[in-house]
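First comes the structure, then the notes that go with it.
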Amino acid sequence: MPPPPPTMTLQENVALNTAALRVQRNYIAKKAKQIEEQYKRAHEEHNRRLMGHRGVEPDLHDSARRGSTSGRRASTAEHQRAAEASMMSRCKTHKKGDVTKMNRKELQDELNEEWHMPSLRYAQKYHLMNHPHKAGADMKGYDYKKATLGRHCVIGGCGEQLDLWDEGQVSEFGQFGSGITNYFKFLKWCTWIFFILSIMQIPALIMNSWGAGDQYEGASLAVLSVGNLGDSINITSVSIPFCNGDDFQQFDCTIKKSDLAYYYSLLDCLCTAFVLVGWLWLRSFEKKERDNLDRATVTASDYTIRLPKIPSDTKEIELKGHFARITGEAVAEVSLAFDNAKEIELYFERGKLMKERFVTVQKLRYQHTVMRKYGDHVGDPDEIKYLLKHREKLSKKIEELDTERAVNVKTFPNAIQAFVTFETEKGFIKAINAYSLNWWRNLCYPKALRFKGQRVKVKEAPEPSTVLWENLEYSNFDRAMRKTKTTAVAIAAIIISIVVAFFAREVQETALDKGGLAECPMMWDEMSTFDKASRISSEKESPILHCYCDELGMVEQYNDPLCKDYVKAQSIALATVIGACCSVTGINTFFTWLMNKSAKYEKHQSMDSMEASVMSRTFFLKFVNTGCLVLLYNQEWLKTGLGISLTVDADFSKSWYETAGQSLVGIMIITVLSPHISPWYRMRAMTKKIGELLSNKVDLKGDVDEVPYYTQDEMNAVFLGPEFHMDLRYSQALVNFFICFMYMAGMPIMPFIGCACFYINYWADKYMFCNFYRIPPQYSDTMGRMATRLLGFSIVVHLLMSIWILGNKAIFVSESFDAGKAMEEYESEYNPLHFHDSLGQRHVVPLATFLAIIVVGWFVNHQTKEFTHFTKNVINFITCGSGNKTDSLMSVMNTVEITYTRAKERGLIKGLNTYNILKNPKYIEAFNIDEDFANKHKHVASIRKLNLNNRTMSLENRGAAGGGGVASVGDDRL
367 MPPPPPTMTL QENVALNTAA LRVQRNYIAK KAKQIEEQYK RAHEEHNRRL MGHRGVEPDL
427 HDSARRGSTS GRRASTAEHQ RAAEASMMSR CKTHKKGDVT KMNRKELQDE LNEEWHMPSL
487 RYAQKYHLMN HPHKAGADMK GYDYKKATLG RHCVIGGCGE QLDLWDEGQV SEFGQFGSGI
547 TNYFKFLKWC TWIFFILSIM QIPALIMNSW GAGDQYEGAS LAVLSVGNLG DSINITSVSI
607 PFCNGDDFQQ FDCTIKKSDL AYYYSLLDCL CTAFVLVGWL WLRSFEKKER DNLDRATVTA
667 SDYTIRLPKI PSDTKEIELK GHFARITGEA VAEVSLAFDN AKEIELYFER GKLMKERFVT
727 VQKLRYQHTV MRKYGDHVGD PDEIKYLLKH REKLSKKIEE LDTERAVNVK TFPNAIQAFV
787 TFETEKGFIK AINAYSLNWW RNLCYPKALR FKGQRVKVKE APEPSTVLWE NLEYSNFDRA
847 MRKTKTTAVA IAAIIISIVV AFFAREVQET ALDKGGLAEC PMMWDEMSTF DKASRISSEK
907 ESPILHCYCD ELGMVEQYND PLCKDYVKAQ SIALATVIGA CCSVTGINTF FTWLMNKSAK
967 YEKHQSMDSM EASVMSRTFF LKFVNTGCLV LLYNQEWLKT GLGISLTVDA DFSKSWYETA
1027 GQSLVGIMII TVLSPHISPW YRMRAMTKKI GELLSNKVDL KGDVDEVPYY TQDEMNAVFL
1087 GPEFHMDLRY SQALVNFFIC FMYMAGMPIM PFIGCACFYI NYWADKYMFC NFYRIPPQYS
1147 DTMGRMATRL LGFSIVVHLL MSIWILGNKA IFVSESFDAG KAMEEYESEY NPLHFHDSLG
1207 QRHVVPLATF LAIIVVGWFV NHQTKEFTHF TKNVINFITC GSGNKTDSLM SVMNTVEITY
1267 TRAKERGLIK GLNTYNILKN PKYIEAFNID EDFANKHKHV ASIRKLNLNN RTMSLENRGA
1327 AGGGGVASVG DDRL
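At the far end of the sequence shown sits residue 1340, using this note's numbering, and the numbering has no gaps.
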């Protein structure tokens, strides 16, 4: 029997275990590299068989993968940029990057390269690759009818029963990020809310349309509003629908309007309470889903902190050592941002010119290719002459940009920000915790935390793919000034909208005056048609002309001499209303365009902050233009300033619902479909182009007109849909929610419009997402959380409007609870506007009480949080603690603990896995660099040396070809 093994000490066990782990890691890394290389070779061979030598370079898909993460989809923008860069990399002159120093021989050799027709088969593959599809090699698309988008409430039972779509718990769109899944769930939540509100408002809708008879002449949507119950002076009671007085002996089937107003108030309180509960539910489940997703997802920002301001002479190695000493954790990499915004912008402009030049060269190559194949007679001399001049013009522009960059750009830019990536999440949290100083420690800033003698701030870093490096140089003051300018333009647009609305209202009022505004005389219905016509004709501009003409049909009115001018005036009034509605929609479209343009002008530092800003301001502008414009007609200072004399009805009076109210309903009905018309038209156009390409496959026959696309990326663009803009969709959804909910008390038709709007919006966006739009970026839930927060304000706005609508005494009046002499004396002295006279009405009290409860509840909740925060600060001050700022970060740490380097190697990081600007797909094409160069460099300044080396090589070739001397260019400092 062999002797037992010797007993090992603890140190020997630790050493042996460490060695075994090292061997295991090296073995796994080696095998993973071998598998990756095998996959790459197989994929390249597959693409080679698929396209041959006609299309783009066969490593497109791999380059897109390398731009993102292994085994995960890159965004469509990354695929497109990779395709374009890959095409240009096949061209020797464009791959070299310097096209401004070419001699005649090089220029001619550039054109002698054979033109290859873009691959239609690859364009189809590109279409599948860049549109939303399921996992798998076949890249099967989604069926919009069968794709399940899940729900927030993942429990069974009640949660399952309330799922009107019956789409299960899990969203199939989860691979596109929480932003996409939460958006569609948000639409479903809004549809569900307005569906229930519509059911709750059915009694009010029936009562309004039935109770006081038809108060409006002709077809009018105002019959569905409380205005159809008549004014408070002439009508004090209304009939109860479907009630037969013969069936009751002591009940006359009528109800006092004061009692009806009280019931309306209670109904509105019940609806508001339902929305409040639904909103709290939405916030709770969105947070749970966000936290679960954060724990299950590994991103580069989980390991990275951002330093908004650093010393200008900072080096990466210095920051590595500093934070390794502060946290005791290893730092994986450091990426610096410099004040080189001008240089990056010039590179972007240069990249566009290089792409345009490449397309021009491809057209010239096509001409030369067909002439070599079929003879010189098939070429177009005028076209060739124009293209040669255009190529020369573009080359000069590129040379001018290179000169400007060499003259105006700093040789040694200053460091302004830094992104420090730790090996572990613990290092990230330790750094955040170390710099979360209380006021006392911040006042006496610890020397150990200073970097190169200066104070530094540490913040959480955004996702690397969302960082806008060219904007980091701009200060908060610069961005504030730019926002001020764009906001001023938006305000000017609102003023124009107000002017258009007021003049349209004046034209409408003038047209309506043609028929008179007086009520029809008594016994009018018993008079014969001849007597009515005689009475009208006996009066010049009869004030009761509308009584006679409205009884006739449209054709009869036009043929009757008495009504001919009246029907024309009515048509003008109707056209004016429609025009005003369309102008509001048009200005809303302008707001969308303006906010898109201003987003780039305002120089946001990340895409998340840019899109959140666009969403919030687009929502505000559209809300004011659409929902608040009708409330300005009674403002005398506006009418005086515009020089318009309007006899405008009092707000929320009987006639207001016929004019302003009906206009608002018309705008919302238009909004149900108008946002989807343009995408639908664009999708049909794209489908038509694709159909033409598939049915008429172009061969090289010598006719220039028969080749619609000269480069692969041009053909790919036909198969590529537009981007799925979340910010604009959220802003429009918020506008629809606010307006429909805000006016619900006076116009119960609004919840039905809101339900239809969100229901159609959901299915239209789902269909377009599955069949038209490209794969979106990995949106975060920033916009979703902001939209949910803004919905809370809609509850307060709704209650204020309900109090105004029901309490202004135009339709409803009820007794006041305390209209005594003491209160009257108090109001005469301290409350000359007599607010209490309206708020004290019996039917308004429930609404005012509910509003007060919400405001007080919010205040108490806010103060409680402030007190808790203050108490924590006091405790931290006494104990010299740094607070619990890191508690939320600890709660969403990744479920699986893994180092940054290991996650990067295994392709577990979602999205872009590094803060190296040279590896960001957005900048690769502009910089005209390849992956090998990006792996060896980290700074934009490194590209200058690359360009100088290329220029030296170009000059050497030029000297060899032309017999001239050789110029040597270089800069060791770079």
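Glycine residues also receive a C-beta, built at the ideal position from the N, C-alpha and C atoms. Computed from a predicted structure; not experimentally measured.
If you draw a straight line from the Cα of Thr1037 to the Cα of Leu1100, it is about 12 Å long. Glu709: not part of any beta strand (DSSP E); member of the alpha helix (DSSP H) spanning Ala707 to Tyr740, first to last residue. Of all alpha-carbon atoms in Phe1107, Asp748 and Thr852, the one lying nearest the alpha-carbon of Thr984 is that of Thr852.
Going by DSSP, Val536 is part of no alpha helix (DSSP H) at all; its letter is neither H nor E. In this structure, Lys686 keeps its C-beta atom at 9 Å or more from the C-beta atom of Val664.
If you ignore the 5 residues before and after Lys551, its C-beta comes within less than 6 Å of the C-beta of His518, all in its own chain and listed in chain order.
Taking a cut-off of 8 Å on C-beta distances, the segment 599-610 does not touch the segment 1148-1163, as fewer than three cross pairs fall below it. The Cβ atoms of Val996 and Leu1030 lie closer than 9 Å to each other. Per DSSP, the continuous alpha helix (DSSP H) segment holding Phe552 begins and ends at Ser544 to Trp576.
For the pair Lys506 and Lys1270, the Cα-to-Cα distance works out to about 28 Å. In the three-state DSSP reduction, Ser701 falls in the strand class (E or B). A Cβ-Cβ contact shorter than 9 Å links Ala666 with Tyr1281. When beta bridges are read from the DSSP output, Ile621 appears opposite Val604. Taking C-beta separations shorter than 7 Å and ignoring five residues to either side along the sequence, the partners of Lys969 in its chain run Asn837, Tyr840, Asp844, Arg845 and Arg848, following chain order.
Within the same chain, Ala698, Thr787, Phe788, Glu789, Thr790, Glu791, Gly793, Phe794 and Tyr1266 come within 8 Å of Tyr669 by CB-CB distance, once the 5 residues on both sides are set aside. Considering only Ser598, Cys635, Thr955 and Glu872, the residue with the shortest C-alpha distance to Met566 is Cys635. By alpha-carbon distance to Arg1048, the top candidate from Met973, Gly1087, Tyr1076 and Met888 is Gly1087.
The straight-line gap separating the alpha-carbon atoms of Ala1026 and Leu673 is approximately 53 Å. Ala784 carries a strand assignment under DSSP once its states are collapsed to helix, strand and coil.
In this structure Trp959 is exposed. Its beta-carbon is surrounded by fewer than 16 other beta-carbon atoms within 10 angstroms.
Of all alpha-carbon atoms in Leu553, Ala1300, Phe1159 and Asn1174, the one lying nearest the alpha-carbon of Gln1098 is that of Leu553.
Every alpha helix (DSSP H) of 4 residues or more that sits fully in the segment 928-980 is shown, in chain order, as 930-967. If you draw a 10 Å sphere on the C-beta of Phe868, you find 16 or more other C-beta atoms in it, and that means buried. Scanning its chain for C-beta atoms nearer than 7 Å, with the 5 sequence neighbours on each side dropped, one finds around Ser903 the residues Leu928, in chain order. By the Cβ rule, the segment 725-739 does not count as touching the segment 814-826, because fewer than three pairs are nearer than 8 Å. Under DSSP, Ile1275 takes part in a beta bridge, and its partners are Val664. Each residue's CA atom was taken as its position, placing Asn574 and Gly593 some 8 Å apart. Taking a cut-off of 8 Å on C-beta distances, the segment 1160-1178 touches the segment 622-638, as three or more cross pairs fall below it.
One alpha carbon belongs to Asn1137, the other to Tyr492, and they sit about 14 Å apart. Straight-line measurement puts the Cα of Asp891 at about 45 Å from the Cα of Ile953. Three or more Cβ pairs closer than 8 Å define a contact, and the segment 1155-1167 meets that threshold against the segment 1219-1226.
The residue among Thr992, Phe1216, Asp657 and Met1134 with its C-alpha nearest the C-alpha of Asp509 is Met1134.
Secondary structure of Ile671 (DSSP, three-state): strand. Inter-residue distance for Asn925 and Lys934 is about 12 Å (C-alpha atoms, whole angstroms). In the structure shown, Gly1009 adopts coil according to DSSP, grouped into three states. By DSSP's assignment, His743 forms no beta bridge with any residue.
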